[in-house]
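Residue numbers (my numbering), protein chains in the order written: chain G, 1 to 458; chain L, 1001 to 1410. For reference, the structure is listed below as structure tokens.
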Amino acid sequence: MGRGKPCQTSASKKYLQRYGTPMFGYYLQLGLRSLRRNPMLTALMVMAIGFGVSASMITYSVFRAVSGNPIPEKSSQLFAPQVDNWGPQQNQDGEPPGALTYTDAMAFLRAHQASRQTLIYRVMLSALPTRANSIPVAAGGYAVTGDFFPMFNVPFLYGSGWNGSDDENRAADVVLTQEFNQRMFGGANTVGREITLSGHDYRIVGVMKHWDPKPRFFGVWGESGFNDPPDYYVLLNRMLDLKVDTWGRNSCRGDLSFTSYDQWLQSNCVWLMPWVELDTSSDAARYRHFLEGYAADQQRAGRFAWSPNVRLDNVMEWLEKQKVVPPESRISLVVASAFFAICLVNTIGLLLAKFMRRASEIGVRRALGATRHEIYAQYLIEAAAVGLAGGLLGLLLTAIGMSGVGLLFAPEIAQLAHMDISLIGLTLVVAIFATVTAAFYPAWRAAQVQPAWQLKSN
Amino acid sequence: MQIQPILTALRRHKAGTLLIALQIALTLAIVCNALFIIHQRLSHLSEPSGVDEANVFVVTSMWGEQYSKQEEVAKIQQDLATLRQLPGVQDVAAGNSYPLSTSGWDNFVTMTPEQVKPTTDASVYAGDEHFVRTLGLKLIAGRDFRADEVANLGNRENIIPPVVIVSKALADKLFPKGDALGKAFYSMSSTPTTIIGIVETLHRQDVDTWSAPYAGESLIWPARLVRSMSTRYLVRAKPGQLEAAMREAPKALYAENRMRMIDPKDGILSFAQVRERAFERDRGMAILMGIICVVLLAITGAGIVGLTSFWVGQRRRQIGVRRALGATHRDILHYFLTENLLISLGGIAIGVLLTFGLNLWLVTRFELKVMPLAYVLGGVVILLLLGQSAVFAPALRASRVPPVEATRPV
């Protein structure tokens, strides 16, 4: 830092010598005065920039919300393993199905090849609030194993998740979300208490702190990833013992001959969503090797009539593959950006008209000793002022547009879009930067004005 | 009107000319594609469901207690009887789902049990003997289900019923000769299912793009799903009594058995609400594209006005000279209109290429359809009209420049 400073000073000194600081204020004044001189033209430019930037910002805010990384601190260590149990004739374009059969899922869990692993499926149970005369409420949740909580960094308000031995003992354990605990128990510390779900008692081992990653990456095979958050997480083996059917997606191929829950478990239907935590790339490579070995074993055993076809996608790859970002969000961002680009082309034309209208004034200034650089700087500053005004209008329009975003996107997606400091900053920066960029050519043309020619023609 | 002098003049305003042309080109590309997206989305909105939408509503009820299969069958029958007693209700059916519900069940369909690659994919409805009548589906061939054909299917009891009613779209796909009635097909089962009835229209449950190749292909199996989770009651109100029936239905159901859950948000939906929810994304896209189109055309128009006004201001002296040499008001007006026409045509030439380029990109990237030529022609007309009307006011002002301007210093 110490050595950098004098260098900086000399650079800005050079700048001062060239352009002079007091001139900045003067140019700004000139710029503002000139903006007032052609109010129509100025208004046109400000509106073009305002509309352009706000359309881009509204669609961007939605896109940002749906395409974000839901678990940035760990997204490259969490993987969704997949194995093709349908084969090349029945799978989708050569890709494994995206979830596991009961048979494969249990085999993966038993093999214990990752530092942490879980299986997930959606369940729906009824819960009876403790108040007298109350009617049951539908409570949605996920059946998971104990590793779910540490591997996804789930924060806890009270208690914690359950451990591996609880999984093995097939205990009736449940973790409530903060919101559900609030609704059912008024937010008390309920660890150790019991809750009755669909007629069976469960021991509450933990209450989560608010945790609602968007998109809900671990469940996107079966749902949009933006729908209402669950009420609880319940021990998987207990759900299987009670034969609680999946409330989520179930996908099968071929001739389905099952006529009971137990036969269904043995079918080729996929419905369990697996996740593993692999801390290093060598762990990931080892796990991939394990998957291939597993598929090869199945082929040898005659269960698969095809060579191993496995995948191991991390969180962001998985979200991409599952097409979590709605196409509407992408298309609208593309169209809105193109719209902004047209607004900028429009601005270039109008700035050109505005600057060149003052050719004679430029000629006089040049004749009186202003350098080309000074003319250039003056007009860029004027453009920046236009950009700022456009940005402020854009901010206003973005704020208005945000309230109407529910009209344009599905409610679960619209509610994710919001205006925050970073969006406000971005709106202004983009507006000013874009306008100044648009002004490069018009300002250059202005700086090229020949003083003698202008004076003569006058 | 001579074009040569206009071209010569334009050559002295290369940048401005180029910018207007570029703006027109880009605007054409965006407006055409946006209009095409709007049209595609709006055409979804009016897809027929086959349902008598004005009079049908749907109740989704979940049980608050655990029942055995027999108990649940009895509970469902009780609910159906309760709903039927309501004064505003004409008919009630139990079903797994309904058209446009956006979630549901679909099965592959094959012509033989050995066939691996499916012939098509059908949206699967499980309904009782009231299903067709309640929804108001139009039976165009064959017959409806008899009560004794309706099977009670428990959890994961995957028994394919021997008879089926199909939509005409599915019948035509499977038997293009139009002789589907009485024929059998296979649906993920080794036992066949025989077509006993054909309904004119029955929309699929989903509205996703993946199912577009299977549009309208649905089948109804005579079955009641007894799966200890949720039951759907499809209710047809007497004409004009939909609202009253929708108010009464949950009250009656809770009065009969309060250990149930009817979601306050979407437990009871009129079919108008069902349609609105199913297509809210399409409607939103159409609105957004519409807004962008309008604002874009306005901005492009305003830009042309701005730049032309500047040119008029710049050329006052030349216009004066021309007027002094005998040019009429009309000549000057025509001059600017023609100038704009030339620039617009140049822009449109580039724009048509850009339009198809953008469309092609959207086709590969977002599974959009290829744009018909009519849209481009429409867009070209819109932009030519826009250019001419935008240039009219400044051109009129130019035509009013008096000849005396020629003698005045700038």
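Note that beta-carbon positions come from the ideal geometry of N, C-alpha and C, so glycine has one too.
About 12 Å separates the beta carbon of alanine 143 of chain G from that of leucine 197 of chain G, a gap too long to meet the 8 Å contact definition.
Where glycine 1095 of chain L is concerned, the enclosing beta strand (DSSP E) starts and stops at 1089-1095.
For the 8 Å CB-CB criterion, lysine 1075 of chain L and asparagine 1152 of chain L do not form a contact.
Boundaries of the alpha helix (DSSP H) around valine 1352 of chain L: 1329-1366.
Its Cα nearest to that of alanine 1223 of chain L, the residue L:Pro1162 stands out among L:Pro1162, L:Gln1078, L:Leu1383 and L:Phe1057. In the displayed model, tryptophan 271 of chain G falls within coil according to three-state DSSP, outside both helix and strand. Among the residues facing chain L, alanine 438 of chain G is not included, as its CB has no counterpart in that chain under 8 Å away. Interface annotation, aspartate 1079 of chain L: not in contact with chain G, CB-CB separation never under 8 Å.
Nearest CB-CB separation between alanine 1302 of chain L and chain G: below the 8 Å threshold. With respect to chain L, the C-beta atom of glycine 222 of chain G has no partner C-beta closer than 8 Å.
Closer than 7 Å at the C-beta level to chain L, one finds no residue of the stretch 285-300 of chain G.
With a cutoff of 8 Å on beta-carbon distance, leucine 319 of chain G and phenylalanine 217 of chain G are scored as near each other. Here glutamine 92 of chain G carries a strand assignment [DSSP, helix/strand/coil].
Residue contact check for methionine 1246 of chain L against chain G: no CB pair falls below 8 Å. Taking a C-beta cut-off of 8 Å against chain G, the contacting residues of the stretch 1059-1086 of chain L are Met1062, Trp1063, Gly1064, Glu1065 and Gln1066, listed in chain order. Residue-level contact check: aspartate 1263 of chain L touches chain G, since one or more beta carbons of chain G fall below 8 Å from its beta carbon.
With contacts defined by Cβ atoms closer than 8 Å, glycine 141 of chain G and aspartate 231 of chain G form a contacting pair.
Residue L:Asp1079 holds the alpha-carbon nearest to the alpha-carbon of glutamate 1256 of chain L among L:Asp1079, L:Thr1017 and L:Asp1052. Here glycine 94 of chain G is exposed: its Cβ has fewer than 16 other Cβ atoms, across all protein chains shown, within 10 Å.
Residue-level contact check: aspartate 212 of chain G does not touch chain L, since none of the beta carbons of chain L fall below 8 Å from its beta carbon. Taking 8 Å as the CB threshold, alanine 1015 of chain L lines the interface with chain G. Rounded to whole angstroms, the Cβ separation of valine 234 of chain G and valine 123 of chain G is 7 Å, and the two are in contact under 8 Å. Valine 1092 of chain L is not a Cβ neighbour of tryptophan 1221 of chain L, given a cutoff of 8 Å. Counting other Cβ atoms within 10 Å of its Cβ, tyrosine 1098 of chain L reaches 16 or more and is therefore classed as buried.
In terms of beta-carbon proximity, alanine 1169 of chain L stays away from the interface with chain G, with every pair separated by 8 Å or more.
Under DSSP, no beta-bridge partner is assigned to glycine 390 of chain G. Annotation: serine 1309 of chain L to glycine 401 of chain G spans about 32 Å, alpha carbon to alpha carbon. In the three-state DSSP reduction, tryptophan 1311 of chain L falls in the helix class (H, G or I). Secondary structure of tyrosine 379 of chain G (DSSP, three-state): helix.
Beta bridge pairing from DSSP links isoleucine 1195 of chain L with L:Val1164. Between glycine 425 of chain G and isoleucine 49 of chain G, the gap from beta carbon to beta carbon reaches 8 Å or more.
For threonine 1008 of chain L, the number of other beta carbons within 10 angstroms of its own is below 16, and it is reported as exposed.
The three-state secondary structure of threonine 1112 of chain L, taken from DSSP, is coil. The Cβ of alanine 1034 of chain L sits closer than 8 Å to at least one Cβ of chain G. Bounds of the alpha helix (DSSP H) holding valine 1376 of chain L are 1373-1399. If you check the CB distance, isoleucine 381 of chain G and glycine 31 of chain G come in under 8 Å.
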